[in-house]
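As C-alpha cells, the structure follows; a few thoughts come after it.
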Amino acid sequence: MSCNVLVAGGAGYIGSHVCKMLYSKGYNVLVFDNFSHGYEFLVKYGKFILGDIGDRKQLDLVFKNYKIDVVMHFCAYIEVGESVQNPRKYYVNNLYNAINLFESMLDNGVDKIIFSSTAAVYGMPENVPIDEEEPKNPINPYGRTKWMIEQILSDYSNSHGLRYVAFRYFNAAGADPDGELGEAHEPETHLIPLVLDAAMGIRKSIKVFGTDYPTHDGTCIRDYIHVNDLASAHIKGIEYLMNGKKSNYFNLGNGKGFSVREIIDTVKRVTGKDFPVEEVERRPGDPAILIAKSEKAKKELGWEPEFGIDDIIKTAWKWHQKLRSIPKPQI
Ligand code: UFG
C-alpha cells in the first residue's frame, strides 16, 4: 500500500526513523519540522518543509498544496522535568499547537492521524505489566498533555470523523541499524545515551538515580523498545487507518523490563568499556517499574517487535560514536 504521509516532527529521533521506513516501503513522505528539537542531519528521506504546527496559515497551505492521506504527529516536547518547571511551554506546544494541527486537518478534509502518546499517561500504575485499560493518572504536565490530546482525539473521532491511532511508547531506545540515524537530544536526559557518554569517556561517570526501589536490585525498571520497532508499528498503523478501521490506542513495548543496573552492565559488556558508576538520590517522579503489555498491538495490528536489549545497545553505540564526532555548527 502506498499513500501520502505528512510527518510532523520528522526531523526528530523517532520521526526520522519512521520517515526512513516509510520511504523504504514506497510511501510518499513529506517531512514538516521547525528544527526546534529536530536536526537537518536527520532529514534524509522525503521532501522537507520548514514549518511549525503552531502556524495555521502554513498548515492550511500545506494541506491545500499536497494531497495528504495520513498525518503523523511527533512534534511534542518530551522532558518531564522541564514540563514541571515550565508547564506553559508544554500546554502551548503539546496541546494548543496540536489542536491547531487537528483544526487545519479537519478544515482541509484530512481525516487520519497517528499520534505519539506515552507510557507517562499511566503515571504510577497499580498493575504491571500495564495494559491499555489501566487508569490514566499522569503525574506531570508532560503526561497530562498527552492524555488530554488522546481524549480530544476520541471526541473528535466520535463527532468530527477524525480517525486516529494513538501509540503509547514505553522507553524508546536504540538507533537505525545502518548507523545513519539515531537519538540526538539537547540536553540529553535519557539513560542509555548518558551511559554511552560514560563509555566514551565524555562524562566521567553515570549516576544511578535511586537504589532503594522495590525491585530485585533496587533500581528502576523500564521497558526499552527499539526505535525501528516503533517505526514498524507506525506502518501497521497507517495500514490500519487506510483500511477504514476505527480509532484506537495501543501500548508499544517489549514486555520485558530492565533495571538501571542491568542497562549499565549491558552497555559495559556490549561496548567492552568500563566506567565509574555513582549511586545518588532518587530523581523525583520516577515510577519504580514500567513494563508494557503490548498484546493488543500484536493482535489487532499484527505488530511484532524484533529487537532485543543487546540490539538496542549495539545500534545505539554505533550511532552514538558517530553523533559525538559530528562537529557542532559554527555561529
Ligand atoms: N536514570 C538514571 N540515571 C540517569 C538517567 C536516568 O538512573 O542519568 C534512570 C531514571 O531514573 C529512570 C531510568 O533511568 O529510572 C530511565 O530514565 P529515562 O530518563 O531514560 O526515561 P524515563 O523512563 O524517565 O522516561 C521515558 C521518556 C519519557 C516518557 C517516559 C514514559 O523519556 O518521555 O519514558 O514512562 F514520559
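According to our numbering, the residues represented by the sequence shown are 26 to 356, in order. From the three backbone atoms N, C-alpha and C, an ideal C-beta is built for every residue, glycine too. The model shown is predicted, which means the values in this text are computed figures rather than measured ones.
Please report the straight-line C-alpha distance between residue i and residue j, rounded to a whole angstrom.
{"i": "M149", "j": "A313", "result": "8 Å"}
{"i": "F66", "j": "S182", "result": "35 Å"}
{"i": "E107", "j": "T214", "result": "11 Å"}
{"i": "E159", "j": "S284", "result": "22 Å"}
{"i": "V109", "j": "V87", "result": "33 Å"}
{"i": "V56", "j": "K50", "result": "16 Å"}
{"i": "F60", "j": "E304", "result": "35 Å"}
{"i": "N253", "j": "I338", "result": "13 Å"}
{"i": "G204", "j": "W344", "result": "5 Å"}
{"i": "F73", "j": "A144", "result": "30 Å"}
{"i": "P352", "j": "G280", "result": "37 Å"}
{"i": "I250", "j": "K321", "result": "16 Å"}
{"i": "D311", "j": "A256", "result": "26 Å"}
{"i": "P163", "j": "K114", "result": "17 Å"}
{"i": "E264", "j": "F300", "result": "45 Å"}
{"i": "E287", "j": "M26", "result": "40 Å"}
{"i": "A209", "j": "Y91", "result": "30 Å"}
{"i": "N118", "j": "L84", "result": "15 Å"}
{"i": "Y228", "j": "G333", "result": "One point to set straight first is that residue 228 is Arg, not Tyr, in the sequence displayed. So the alpha carbons of these two residues sit roughly 26 Å apart."}
{"i": "K82", "j": "K293", "result": "50 Å"}
{"i": "N4", "j": "K161", "result": "No answer is possible for residue 4: it lies beyond the span of the chain, which begins at 26 and ends at 356."}
{"i": "Y147", "j": "E128", "result": "27 Å"}
{"i": "P309", "j": "K323", "result": "33 Å"}
{"i": "Y116", "j": "V302", "result": "36 Å"}
{"i": "L298", "j": "P212", "result": "Reading the sequence as shown, one finds Lys at residue 298 and not Leu. So the two alpha carbons sit approximately 24 Å from each other."}
{"i": "H42", "j": "P239", "result": "35 Å"}
{"i": "S142", "j": "I93", "result": "22 Å"}
Please check the pair residue i and residue j, which I expect to be a contact at CB under 8 Å, by giving their CB distance rounded to whole angstroms.
{"i": "L120", "j": "M173", "result": "6 Å"}
{"i": "L206", "j": "D136", "result": "Not really, about 30 Å apart at Cβ, beyond 8 Å."}
{"i": "M267", "j": "Q346", "result": "Incorrect: roughly 38 Å between the Cβ atoms, too far for contact."}
{"i": "V96", "j": "A33", "result": "6 Å"}
{"i": "N122", "j": "C100", "result": "7 Å"}
{"i": "I124", "j": "M130", "result": "Not really, about 10 Å apart at Cβ, beyond 8 Å."}
{"i": "T291", "j": "D335", "result": "7 Å"}
State yes or no: is the C-beta of residue i within less than 7 Å of the C-beta of residue j?
{"i": "G37", "j": "G76", "result": "no"}
{"i": "F195", "j": "G327", "result": "no"}
{"i": "D58", "j": "G35", "result": "yes"}
{"i": "K191", "j": "E175", "result": "Contrary to the premise, residue 191 reads as Ala rather than Lys in this sequence. Cβ distance < 7 Å, so A191 and E175 count as in contact."}
{"i": "R416", "j": "G235", "result": "What is shown of the chain runs 26 to 356, which leaves residue 416 out entirely."}
{"i": "P202", "j": "T296", "result": "no"}
{"i": "A223", "j": "I217", "result": "no"}
{"i": "G71", "j": "C44", "result": "yes"}
{"i": "D237", "j": "I316", "result": "no"}
{"i": "Y189", "j": "S319", "result": "no"}
{"i": "N276", "j": "R193", "result": "yes"}
{"i": "P112", "j": "P154", "result": "no"}
{"i": "L47", "j": "V68", "result": "no"}
{"i": "W342", "j": "L178", "result": "no"}
{"i": "H185", "j": "F140", "result": "no"}
{"i": "G282", "j": "I246", "result": "yes"}
What does the Cβ neighbour count give for residue i, buried or exposed, with the cut at 16 atoms within 10 Å?
{"i": "N152", "result": "exposed"}
{"i": "H241", "result": "exposed"}
{"i": "K171", "result": "buried"}
{"i": "G40", "result": "buried"}
{"i": "I103", "result": "buried"}
{"i": "K261", "result": "buried"}
{"i": "E157", "result": "buried"}
{"i": "P330", "result": "buried"}
| query | Along the chain, which unbroken stretches of the alpha helix (DSSP H) at least 4 residues long are found entirely within the stretch 56–121? | reply | 81–90, 105–110 and 112–115, all fully within the stretch 56–121.
| message | Which runs of the alpha helix (DSSP H) at least 4 residues long sit entirely within the stretch 129–203? Give them in chain order. | response | Positions of the alpha helix (DSSP H) runs, each at least 4 residues long and wholly inside the stretch 129–203, are given as 166–185 in order along the chain.
| said: Please give me, in chain order, every unbroken run of the alpha helix (DSSP H) with length at least 4 that falls completely inside the stretch 250–330. | reply: Every unbroken stretch of the alpha helix (DSSP H) spanning 4 or more residues and falling wholly within the stretch 250–330 is given here in chain order: 252–267, 285–296 and 320–326.
| message | My parser needs the beta strand (DSSP E) runs of 3 or more residues fully inside the stretch 228–253; what are they? | response | Here the runs fully enclosed are 231–234 and 249–251.
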